[in-house]
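Participant:
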Amino acid sequence: GPGAITVGVLGGDGGEGGDGGAGLSRLAAAFRRRHPGVEVRVREADLGDPTCGLHAGRVDVALTRGPFQETGLSVRTLRTDAVGVLLRADDPLARRARLHLADLAQRRWFRFPPGTDPLWQSYWGGGVPREGPVVRAVVECRQAVLWNGTVGMTLLDHPSSPGLVVIPLTDMPPSPLVAAWSKNNADAVVRSFVRAATGLHRERGQGRERVRERGAVDAGPGGG
């Protein structure tokens, strides 16, 4: 029979950023065209498990963000996204055009639960052990910032909530959006899913390049 596949996504949108719902919708359409009879089950993971259940065997493939421990996994980067600092709108640093990690050294940051992948925890902590509230979901991150003035990290293109702002962070490496699956999984449907995700992001990347090129032409001599 056509079978089934379980897809793990991070925080409800596969870590896709501001267009997460649209990105997953396009991927679903592309995959259905290839495998109309395959049942797709989506399992949402909290922020404490960046592999979305892969290491535990709960999912066949994950759409998530790195970095994390890749032992036993195959990982394909789909794109990378700039990261910013999530602050309360009345925070003194919220007026800055950009920030550096050193500007946030004395602040309380949110942390992930004990036992979280150390590579993942370190990345979202700016490479330094931090003190602050433990969160498991994006909404908890935002509420910690809103109520307690905690420093949050988020994708630069994530829509901010009322009362919050995102400031570019200049010395933070970009966040990779990845597809990951077990190296021992030879399932053709899993490989096809990864190819569909890769192809979709390649097309979107080329589209963004074309838009940028048009913008550069439009803003050329006499264009402004």
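Numbering (my numbering), first residue to last: 12 to 235.
Glycine included, every Cβ here is placed at the ideal spot set by N, Cα and C.
Classify D92 as helix, strand or coil using the three-state DSSP reduction.
Facilitator: Counting from one through the sequence shown, the residue named residue 92 turns up at place 81. Reduced to three states, the DSSP call for D92 is strand.
Participant: Is the region 82-99 touching the region 153-172, taking contact as three or more C-beta pairs under 8 Å?
Facilitator: In short, these stretches touch, since the Cβ pair count reaches three.
Participant: Helix, strand or coil for A116 per DSSP?
Facilitator: Residue 116 sits at position 105 when you count from the first residue of the sequence shown. A116: coil per DSSP, three-state reduction.
Participant: Within its chain, find whatever has a CB closer than 7 Å to the CB of V70; leave out the 5 residues flanking it on each side and keep chain order.
Facilitator: The sequence position of residue 70 within the sequence shown is 59, counting from 1. Answer for V70: T17, V18, G19, R54, C63 and G64, listed in chain order.
Participant: Helix, strand or coil, according to DSSP, for P170 in the structure here?
Facilitator: Position 159 of the sequence shown, counted from the first residue, corresponds to residue 170. Three-state DSSP puts P170 in coil, outside helix and strand.
Participant: Evaluate W158 with the Cβ neighbour count: other Cβ atoms within 10 Å of its Cβ, from every protein chain shown; 16 or more gives buried, anything less gives exposed.
Facilitator: For the purposes of this step, residue 158 is identified with residue 147 of the sequence shown, where counting begins at 1. So W158 counts as exposed.
Participant: For L35 and T91, I'd like the C-alpha separation in whole angstroms.
Facilitator: Taking the first residue of the sequence shown as 1, we reach residue 35 at position 24. Taking the first residue of the sequence shown as 1, we reach residue 91 at position 80. Between L35 and T91, the C-alpha separation is close to 16 Å.
Participant: Roughly how many angstroms lie between the CA atoms of D11 and T75, to the nearest whole one?
Facilitator: As shown, the chain starts at 12 and ends at 235. That puts residue 11 outside it, with no answer to give.
Participant: Report yes if the CB atom of D128 is closer than 8 Å to the CB atom of F79, and no otherwise.
Facilitator: For the purposes of this step, residue 128 is taken as residue 117 along the sequence shown, with counting starting at 1. For the purposes of this step, residue 79 is taken as residue 68 along the sequence shown, with counting starting at 1. For D128 and F79, yes; Cβs fall inside 8 Å.
Participant: Provide the residue span of the beta strand (DSSP E) that contains A73, from first to last.
Facilitator: Taking the sequence shown and counting its residues from 1, the one referred to as residue 73 is at position 62. V72 to R76 is the extent of the beta strand (DSSP E) around A73.
Participant: Tell me which residue opens and which closes the beta strand (DSSP E) that L188 is part of.
Facilitator: Sequence index remark: in the sequence shown, residue 188 carries index 177 (1-based). S186 to S193 is the span of the beta strand (DSSP E), which, as asked, contains L188.
Participant: Specify the secondary structure class of L157 as computed by DSSP and reduced to three states.
Facilitator: Here residue 157 refers to the residue found at position 146 when the sequence shown is read from its first residue. L157 falls in the helix class under three-state DSSP.
Participant: What residue from A100, V139 and L130 has the CA that sits closest to A113's CA?
Facilitator: Within the sequence shown, numbered from 1, the residue matching residue 113 stands at position 102. Ranking A100, V139 and L130 by Cα distance to A113 puts V139 first.
Participant: Taking the beta carbon of Q132 as the centre, do at least 16 other beta carbons fall within 10 Å, making it buried, or is it exposed?
Facilitator: In the sequence shown, the residue the question calls residue 132 occupies position 121. By the 10 Å Cβ count, Q132 comes out buried.
Participant: Assuming contact is defined by CB atoms lying nearer than 8 Å, are R45 and A208 in contact in what I supplied?
Facilitator: Walking along the sequence shown from the start, residue 45 turns up at place 34. Walking along the sequence shown from the start, residue 208 turns up at place 197. No. Outside cutoff.
Participant: Looking at the unbroken beta strand (DSSP E) that takes in G124, where does it start and where does it end?
Facilitator: Residue numbering aside, residue 124 sits at position 113 when the sequence shown is read from its first letter. Per the sequence presented here, residue 124 reads as Pro, with Gly not at that position. Taken as a continuous stretch (DSSP letters only), P124 belongs to no beta strand (DSSP E), as it is neither H nor E.
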